[in-house]
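Residues 0 to 217 in numbering that gives the first Met the number 0 are what the sequence shown lists, from first letter to last.
By construction, the Cβ of each residue, glycine as well, lies at the ideal position given by its N, Cα and C atoms.
What follows is a short report on a single structure.
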Amino acid sequence: MNEQNFRSLTGALGFYPVVPDAEWVRRLLSWGVRTIQLRYKTVANDGEAIAQQVRYAVAAGRAVAGAQVFINDHWKLAIAEGAYGVHLGQEDWAALTDRERALLKASGLRLGLSTHTPQELALAQTANPSYIAIGPVYPTTLKVMPYDPVGLDNLRVWTKQVSPCPVVAIGGISLERLPAVVACGVNGVAVVSAVTSSADPQSAVATGLKMASFQGAN
0 MNEQNFRSLT GALGFYPVVP DAEWVRRLLS WGVRTIQLRY KTVANDGEAI AQQVRYAVAA
60 GRAVAGAQVF INDHWKLAIA EGAYGVHLGQ EDWAALTDRE RALLKASGLR LGLSTHTPQE
120 LALAQTANPS YIAIGPVYPT TLKVMPYDPV GLDNLRVWTK QVSPCPVVAI GGISLERLPA
180 VVACGVNGVA VVSAVTSSAD PQSAVATGLK MASFQGAN
């Protein structure tokens, strides 16, 4: 491995739910999901609550062979708890000092970076992350996005441009849209409401795992 790169993934990305708490992480692991992102948000910015969520999510991942549990944003806690990986947005990555970036890399965590435009895609490549997320592929109502949807054509082209770095597609991806996204050559498909807002999450997960079955991560 190039010492300038973040560590490579150890398994396929595939079906990649992004969930709001550690209990979801535990539940999804029991249903056969192996790549999950904890995106825990608290209005009060309760440091102890955040630390507890990260701790529980990391512990759940450690208990399951092949699990790749990423922590969104909270990279210092991720390092402290020995997490598998961390996922950062463009602004979060840009805000890190050179020393903090070196610390993050030296920790051995895998790094996923979000991108929304060609410019952000180019910046992400210079970080040599473990994977790059591209989105929103479709319009999403989960949060206000100051970006136009990427669309399938751009997703296909951008995925080729960053190869061999693994790509995760994200944003507005329902189970119905999943096959078209997979066909763009991505290595993983991140979903949120397709699982967490489903009337039958376990069934949605089973369907997603079948539809987003990838042969490799790298």
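Problem set entry | Alpha-carbon spacing of Glu90 relative to Ala123, whole angstroms | Residue mapping note: residue 90 aligns to position 91 of the sequence shown, counting from 1. Residue mapping note: residue 123 aligns to position 124 of the sequence shown, counting from 1. The straight-line gap from Cα to Cα measures roughly 11 Å.
Problem set entry | Residue range of the unbroken alpha helix (DSSP H) whose run includes Ala65 | Along the sequence shown, read from residue 1 onward, the residue named residue 65 stands at position 66. What sits at residue 65 in the sequence shown is Gly, not Ala. Counting along the chain, Gly65 falls outside any alpha helix (DSSP H), and DSSP gives it neither H nor E.
For this session: Pull up the DSSP beta-bridge partners for His86, would you.
Result: Reading the sequence shown from its first residue, position 87 is the one you call residue 86. According to the DSSP secondary-structure assignment, His86 is paired through a beta bridge with Asn71, Gly111.
For this session: Keeping to the same chain, check which residues put their C-beta closer than 7 Å to that of Asp72; ignore five residues upstream and five downstream.
Result: Counted from its first residue, the sequence shown places residue 72 at position 73. So the list reads Leu87, Asp91, once near-sequence residues are dropped.
For this session: Measuring alpha carbon to alpha carbon, tell me which of Val32, Glu47, Trp23 ends up nearest Arg38.
Result: To locate residue 38, count along the sequence shown from 1; it is residue 39. Comparing C-alpha distances from Arg38 to each of Val32, Glu47, Trp23 shows the shortest one belongs to Trp23.
For this session: Compare the C-alpha of Trp74 against each of Ala11, Ala101, Pro16, Leu151 and name the closest.
Result: To locate residue 74, count along the sequence shown from 1; it is residue 75. Per the Cα distances, Ala101.
Exercise. Nearest-angstrom Cα distance between Pro128 and Gly107?
Worked result: Along the sequence shown, one-based indexing puts residue 128 at 129. Along the sequence shown, one-based indexing puts residue 107 at 108. For Pro128 and Gly107, the distance between alpha carbons rounds to 12 Å.
For this session: Return the CA-CA distance between Val204 and Ser162, expressed in angstroms with no decimal places.
Result: Working through the sequence shown from its first residue, we reach residue 204 at position 205. Working through the sequence shown from its first residue, we reach residue 162 at position 163. Distance from the CA atom of Val204 to the CA atom of Ser162, rounded to whole angstroms, is 28 Å.
Exercise. Who are the Cβ neighbours of Pro16 in its own chain at under 7 Å, not counting the five residues just before and after it?
Worked result: Counted from its first residue, the sequence shown places residue 16 at position 17. Result list for Pro16: Leu27, Val32, Ile35, Val190, Val194, in chain order.
Exercise. What does a CB cutoff of less than 6 Å around Thr139 pick up in its chain, not counting 5 residues either side in sequence?
Worked result: In the sequence shown, the residue the question calls residue 139 occupies position 140. Cβ within range, chain order: Gly170, Gly171.
Problem set entry | Which of helix, strand or coil DSSP assigns to Gly187 | For the purposes of this step, residue 187 is identified with residue 188 of the sequence shown, where counting begins at 1. Per DSSP, reduced to three states, the secondary structure at Gly187 is strand.
For this session: Identify the continuous beta strand (DSSP E) that holds Pro16 and give its terminal residues.
Result: One-based indexing of the sequence shown puts residue 16 at position 17. Segment 13 to 18, the beta strand (DSSP E) holding Pro16.
For this session: Put Val149 into one of helix, strand or coil per three-state DSSP.
Result: Indexing the sequence shown from 1 puts residue 149 at position 150. In the three-state reduction of the DSSP assignment, Val149 falls in the coil class.
Exercise. When you compare only the Cα positions, how much space is there between Thr96 and Val188?
Worked result: Translated into positions along the sequence shown, residue 96 becomes position 97. Translated into positions along the sequence shown, residue 188 becomes position 189. Taking the straight line joining both Cα atoms gives about 30 Å.
Exercise. Between the beta-carbon of Ala79 and the beta-carbon of Gln52, is there less than 8 Å?
Worked result: The residue given as residue 79 occupies position 80 in the sequence shown. The residue given as residue 52 occupies position 53 in the sequence shown. Contact: no.
Exercise. Helix, strand or coil for Ala77 per DSSP?
Worked result: Along the sequence shown, read from residue 1 onward, the residue named residue 77 stands at position 78. Shown here, Ala77 sits in a helix according to DSSP, grouped into three states.
For this session: For Pro165, count neighbouring C-beta atoms within 10 Å of its own C-beta (all shown protein chains included) and say buried if the count is 16 or more, exposed if not.
Result: Stepping through the sequence shown from its first residue, residue 165 is reached at position 166. Per the 10 Å Cβ criterion, buried.
Exercise. For Ala211, does the three-state DSSP call read helix, strand or coil?
Worked result: Residue numbering aside, residue 211 sits at position 212 when the sequence shown is read from its first letter. Shown here, Ala211 sits in coil according to DSSP, grouped into three states, outside any helix or strand.
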